[in-house]
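Numbering (my numbering), first residue to last: 119 to 469. We treat Cβ as the ideally placed atom computed from N, Cα and C, and that holds for glycine. Just so it is clear, the structure is predicted and the values come from calculations on it, not from any experiment.
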């Protein structure tokens with residue numbers, strides 16, 4: 119899933135723009151749908167993964183680009199009118215040093231400096247970018263204390279989530295997105311921390327979603343996982359939470375080692391928290407360890423480190439936990455991935 123955006127609409131100078139609806143029956147097509155979809159309210163490209171440095175250190179990383187159309191629609195020809203916003207988040211989990219590095223950016227859309235191309239995955243904010251080429255993706259981000267420069271090579275075809283790419287987010291089919299994932303991306307490149315650069319290799323996961331009505335009115339946030347399994351399989355699962363902390367809606371997509379894709383919905387998916395972490399930064403409490411039942415399988419998730427909280431109030435307005443996790447099944451390690459927890463610091467809003 120991979121998303122945390124809580125922008126406020128501000129002053130509406132004219133009637134809000136109309137957004138394209140997400141309807142069942144459409145399946146993402148490639149390469150057509152690698153690019154952006156500006157008719158929809160919100161969209162994101164979300165890359166998470168595990169890295170091994172040349173000195174055998176283990177690291178986790180996240181780099182995300184959001185495109186959003188605000189509700190306002192001022193009839194203003196100026197290039198500075200906020201018709202579309204680009205937002206980016208980047209983070210590095212460094213357990214050996216007990217550090218979680220993160221940074222953020224936000225810009226008005228600009229054809230030279232901040233954009234999301236329609237023709238293919240090519241999103242940029244200044245010198246931060248994610249671009250798809252003949253050999254896969256390149257992700258670059260330079261923050262004051264850390265930097266990423268990574269090549270991401272696909273090893274499997276995209277995995278369409280939900281009903282062949284139509285992903286319900288609640289009891290009403292109006293709350294939905296078009297959604298695909300690219301599991302098991304092979305990673306190589308370099309990571310820098312406080313000026314010291316090291317070569318890295320690893321494995322990553324990419325999510326791409328676009329929607330106009332993402333959250334059900336009763337939903338306050340979600341819990342999401344994307345797992346690259348050691349046998350070549352993959353698991354995406356999420357639950358939308360209500361104000362009482364219960365599951366409003368849940369779903370999963372499972373890809374077997376042979377490539378078969380199986381969608382599961384609601385009663386077939388359960389998230390059961392095992393342990394919480396209290397953030398000393400924001401005061402939020404996050405369930406950083408889970409037992410997740412997906413069909414007949416049950417995974418136990420444990421974080422690479424507890425403090426993987428992103429405070430992005432200066433860009434998206436949201437505070438959320440996004441962290442590297444290990445997955446076990448019957449006490450046997452079976453994979454690695456990322457866990458995302460939104461709406462714990464305050465209810466999430468996507469308007």
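- A buried status is given to residue 279, since no fewer than 16 other beta-carbon atoms sit within 10 Å of its beta-carbon.
- When the five nearest sequence neighbours on each side are left out, the beta carbons in the same chain lying within less than 7 Å of the beta carbon of residue 310 are those of 264 and 265, in order along the chain.
- Between the region 410–429 and the region 445–459 there are three or more C-beta pairs closer than 8 Å, enough to call the two in contact.
- Going by beta carbons, residue 232 and residue 242 fall inside the 8 Å limit.
- The region 249–289 contains, as complete beta strand (DSSP E) runs of 3+ residues, the segments 254–260, 264–271 and 284–286 (chain order).
- The beta-carbon separation of residue 327 and residue 297, rounded to 5 Å, stays under the 8 Å limit for a contact.
- Its chain contains 270, 271 and 272 as the residues whose beta carbon lies nearer than 6 Å to that of residue 254, once the 5 sequence neighbours on both sides are disregarded; these appear in chain order.
- According to DSSP, residue pairing for residue 382 in a beta bridge involves 370.
- The beta-bridge partner set that DSSP reports for residue 324 consists of 165 and 300.
- Cβ-Cβ distances below 6 Å link residue 214 to 175 in the same chain, with the five nearest sequence neighbours on each side left out; the list follows chain order.
- Per the Cβ contact rule, the region 352–369 is in contact with the region 400–417 (3 or more Cβ pairs under 8 Å).
- Residue 179 holds the alpha-carbon nearest to the alpha-carbon of residue 210 among 148, 179 and 184.
- Per DSSP, residue 357 is one residue of the beta strand (DSSP E) stretching across 352–359.
- Between the C-alpha atoms of residue 303 and residue 319 there is a straight-line separation of about 11 Å.
- Under the criterion of beta carbons closer than 8 Å, residue 239 and residue 307 do not qualify as touching, at roughly 17 Å.
- Per DSSP, reduced to three states, the secondary structure at residue 425 is coil, with no helix or strand assignment.
- Positions of the beta strand (DSSP E) runs, each at least 3 residues long and wholly inside the region 402–452, are given as 403–412, 415–421, 427–430 and 436–447 in order along the chain.
- Our two residues, residue 162 and residue 436, have alpha carbons roughly 15 Å apart in a direct line.
- The Cβ atoms of residue 373 and residue 262 do not sit closer than 8 Å to each other.
- Less than 8 Å separates the beta-carbon of residue 433 from that of residue 224.
- About 7 Å separates the beta carbons of residue 427 and residue 400, which is inside the 8 Å limit, making them a contact pair.
- Taking each of 184, 244 and 237 in turn and checking the Cα distance to residue 251, the smallest one comes out for 237.
- Taking a C-beta distance under 8 Å as the contact criterion, residue 168 and residue 206 do not qualify as a contact pair.
- Going by DSSP, residue 233 is part of the beta strand (DSSP E) stretching over 232–234.
- For residue 183, the three-state secondary structure derived from DSSP is strand.
- As the crow flies, the alpha-carbon of residue 335 is around 28 Å from that of residue 393.
- DSSP places residue 214 within a helical segment (H, G or I) once states are collapsed to three.
- Residue range 387–396 is occupied by the beta strand (DSSP E) that includes residue 391.
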